[in-house]
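J.: The letter at position 113 of the sequence shown is residue 188 when you use my numbering, and the numbering goes up by one with no holes.
Idealized CB from N, CA, C, for every residue including glycine.
Have a look at this one before I ask anything.
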Amino acid sequence: MTSVGHSLAGLSLYFIFNRKLSLLKEWKNVLFFLILANLPDLDFLPGIVSGDLNRYHHGASHSIGFCLLVGVIAAGIYKLRKNAPFINPVRNARKPVRENKISNWVKYGFISFCLCFSHILIDLFGRDTCPPYGEKLFWPFSNKYFIASFTPFGEVDHTSLMTIVLNPCNYVVVLKEIIVFIPILLGIFIFIKVKNKKCT
Ligand SMILES: [Zn+2]
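Rendered as structure tokens:
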């Protein structure tokens, strides 16, 4: 899967969790969601350094353990920040401010976990023709690799940075991701817009 599909999924989660539709005004929050939705692919970095792009791909960073770690770190960062939070998860106006503050760091960690985990789930549906097939979904509890039996998006050529850009097969994967994720994104956008209107 490419960063296009992951970013569209991250944007969908942004609308679900933040319920704000003004992307430009909220660009910092949007950027935060996009980075976390793509974070597991940071495993390409040691591959770039070693000269073998795929070497560490779909390892520990594509696992539930990594997502939990990101969630815990994000919650910790939120809790340590005494002033205005960088991101403001949905507040419950009926609850006292102090209670809101306590629960917000949990929400912050949960949202961060969900963003990372969306990446892992989506990658399960990408074709993988090089062993080991799939990703270490349940690491560190299991080292077994998992992949969905239905992989409609095809395989992304990660042989090198050049092939990522130049291989036409990668553009087909991007096109499939757009076809699948844009309608989902628009559906969520319209749903939130209607819901927001009803609340005002
Ligand atoms: Zn990935």
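Are at least three pairs of beta-carbons, each pair with one atom in the stretch 130 to 138 and one in the stretch 211 to 220, less than 8 Å apart?
T.: Result yes; three or more Cβ-Cβ pairs closer than 8 Å.
J.: Between Arg202 and the rest of its own chain, which residues show a CB-CB distance below 8 Å, the 5 nearest in sequence each way excluded?
T.: As a working mapping, residue 202 is identified with position 127 in the sequence shown. Cβ within range, chain order: Thr226, Phe228, Gly229, Glu230.
J.: Considering Cα atoms alone, identify which of Ser178, Ile197, Leu98 is closest to Gly80.
T.: As a first step, residue 80 must be located in the sequence shown, where it is residue number 5. Ranking Ser178, Ile197, Leu98 by Cα distance to Gly80 puts Ile197 first.
J.: What number of angstroms, rounded off, separates the C-alpha of Leu261 from the C-alpha of Leu96?
T.: The residue given as residue 261 occupies position 186 in the sequence shown. The residue given as residue 96 occupies position 21 in the sequence shown. Answer to the nearest angstrom: the Cα atoms are 11 Å apart.
J.: Leaving out five residues on either side along the sequence, give the residues of the same chain with a beta carbon under 8 Å from the beta carbon of Lys272.
T.: Your numbering for residue 272 matches position 197 in the sequence shown. There are no such residues.
J.: Apart from the five residues just before and just after Val269, which ones in its own chain have a Cβ nearer than 7 Å to its Cβ?
T.: Along the sequence shown, read from residue 1 onward, the residue named residue 269 stands at position 194. Result list for Val269: empty, nothing under 7 Å.
J.: Could you tell me whether any non-hydrogen atom of ligand 1 is closer than 7 Å to the CB of Asp203?
T.: Counting from one through the sequence shown, the residue named residue 203 turns up at place 128. No - ligand 1 has no heavy atom lying nearer than 7 Å to the Cβ of Asp203.
J.: Within 10 angstroms of its Cβ, does Gly85 collect 16 or more other Cβ (buried), or is it exposed?
T.: Stepping through the sequence shown from its first residue, residue 85 is reached at position 10. Per the 10 Å Cβ criterion, buried.
J.: Just to confirm, is the Cβ distance from Ser178 to Leu111 under 8 Å?
T.: By 1-based counting over the sequence shown, the position of residue 178 is 103. By 1-based counting over the sequence shown, the position of residue 111 is 36. No, they are not a contact pair.
J.: Please state the DSSP three-state secondary structure of Glu210.
T.: As a position in the sequence shown, residue 210 is number 135, starting the count at 1. The answer is strand: DSSP assigns Glu210 an E or B state.
J.: Going by C-alpha distance, which of Ile195, Gly126, Trp180 is nearest Phe141?
T.: Counting from one through the sequence shown, the residue named residue 141 turns up at place 66. Per the Cα distances, Ile195.
J.: Closest by CA to Pro243, which one among Ile267, Ile222, Leu155, Asp232?
T.: Stepping through the sequence shown from its first residue, residue 243 is reached at position 168. Ranking the options by Cα distance to Pro243, first place goes to Asp232.
J.: Excluding five sequence neighbours on each side, which residues of the same chain lie with their C-beta closer than 8 Å to the C-beta of Ser193?
T.: The count along the sequence shown starts at 1 and reaches residue 193 at position 118. Here the set comprises His81, Ala84, Gly85, Leu88, Ala112.
J.: Does ligand 1 have even one heavy atom less than 7 Å from the beta-carbon of Asp232?
T.: For the purposes of this step, residue 232 is identified with residue 157 of the sequence shown, where counting begins at 1. No, the Cβ of Asp232 stays beyond 7 Å of every heavy atom of ligand 1.
J.: Return the Cβ separation of Leu236 and Leu128 in integer angstroms, given the expectation that the two are a contact with Cβ distance under 8 Å.
T.: In the sequence shown, counting from the first residue as 1, residue 236 sits at position 161. In the sequence shown, counting from the first residue as 1, residue 128 sits at position 53. That belief holds up - the Cβ atoms of Leu236 and Leu128 are roughly 7 Å apart, short of 8 Å.
J.: Measuring only from the beta carbon, is Asp198 closer than 7 Å to any heavy atom that is part of ligand 1?
T.: What you label residue 198 is simply residue 123 of the sequence shown in a count that begins at 1. Under cutoff, so the answer is yes.
J.: Assuming the contact rule is C-beta atoms closer than 8 Å, Cys191 and Val145 should be a hit. Round their C-beta distance to whole Å, please.
T.: Here the question's residue 191 lines up with position 116 in the sequence shown. Here the question's residue 145 lines up with position 70 in the sequence shown. Sure, about 5 Å apart at Cβ, within 8 Å.
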